[in-house]
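One structure below.
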Amino acid sequence: MFLHLGNDRVISGEKVIAIVNLEGLADETTRIMMERAAGDGRLAKVSPTDKQKALVICDDWLYISPISSHTLYKRSISRQEV
């Protein structure tokens, strides 16, 4: 299964650990995790714009996606059912 994160970025769905909603205020734990991943060079912004709707946590990278966490979740579920 593959998961399209937006802006022509596709990742293996098998690596996805969690999809976190970033709309509104992200909690402090999420912000700290993002800061550490950025410091280690393991944080990728899928879109160069300021749209940050979801954080996709994988076993090796964190991806900031302009697509909502709900839509990403539905995409991941629909791929598993096929």
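Just add 8 to the spot in the sequence shown (first one is 1) and you have the working numbering.
Glycine included, each C-beta is placed from N, C-alpha and C at the ideal position.
Predicted model only: the values in this text are computed from it and were never measured.
For this session: Note down, in chain order, each residue of its chain lying with its Cβ closer than 8 Å to the Cβ of S76, except the 5 sequence neighbours on either side.
Result: N29, E31, K61, A62
Problem set entry | Euclidean distance between Cα positions of A46 and I85 | Rounded to whole angstroms, A46 to I85 spans 28 Å at the Cα level.
Problem set entry | Cα-Cα separation, K53 to R44 | So the alpha carbons of these two residues sit roughly 15 Å apart.
For this session: Spell out a yes or no on whether the stretch 18 to 26 and the stretch 34 to 42 are touching, meaning 3 or more CB-CB pairs, one atom from each, closer than 8 Å.
Result: no
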